[in-house]
Amino acid sequence: MTTRSANMINDALAQAQFAEKKWVWVHDNAEGYVASWIVEEHGEQVVVELQDGSVRLLTCQQPKQQINSKVL
């Protein structure tokens, strides 16, 4: 397998892993907004995981915006 073929496979895998998650922007006092993905939804509460591995529990009143979409 050539390096180019390996890169294309890795890119396709990375795109698939990104697409399978429901990504949202979450307000952060230090950073402004940080990218995260929804791990669980429980009625009016949402558990999100940030790219740094930390986890937050949000309520429907806390600002979050779907990445490349309208405000939730």
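Each residue of the sequence shown is one higher than the one before, starting from 3 at the first, in the numbering used here. Idealized CB from N, CA, C, for every residue including glycine.
Chain-order list of residues whose beta-carbon lies under 7 Å from that of residue 30 (same chain, five-residue window excluded): Your numbering for residue 30 matches position 28 in the sequence shown. Answer for residue 30: 36, listed in chain order.
Anyone know if the C-beta pair for residue 61 and residue 43 falls short of 7 Å? The sequence position of residue 61 within the sequence shown is 59, counting from 1. The sequence position of residue 43 within the sequence shown is 41, counting from 1. The answer is no: Cβ separation not under 7 Å.
Mark residue 57 as exposed unless 16 or more other C-beta atoms lie within 10 angstroms of its C-beta, in which case mark it buried. Position 55 of the sequence shown holds residue 57. So residue 57 counts as exposed.
Local conformation of residue 32 per DSSP, three classes: Taking the first residue of the sequence shown as 1, we reach residue 32 at position 30. If DSSP states are grouped into helix, strand and coil, residue 32 belongs with coil.
Identify whether residue 47 lies in helix, strand or coil by the three-state DSSP scheme. The residue given as residue 47 occupies position 45 in the sequence shown. It is a strand residue.
Under three-state DSSP, which class holds residue 55? In the sequence shown, counting from the first residue as 1, residue 55 sits at position 53. Coil.
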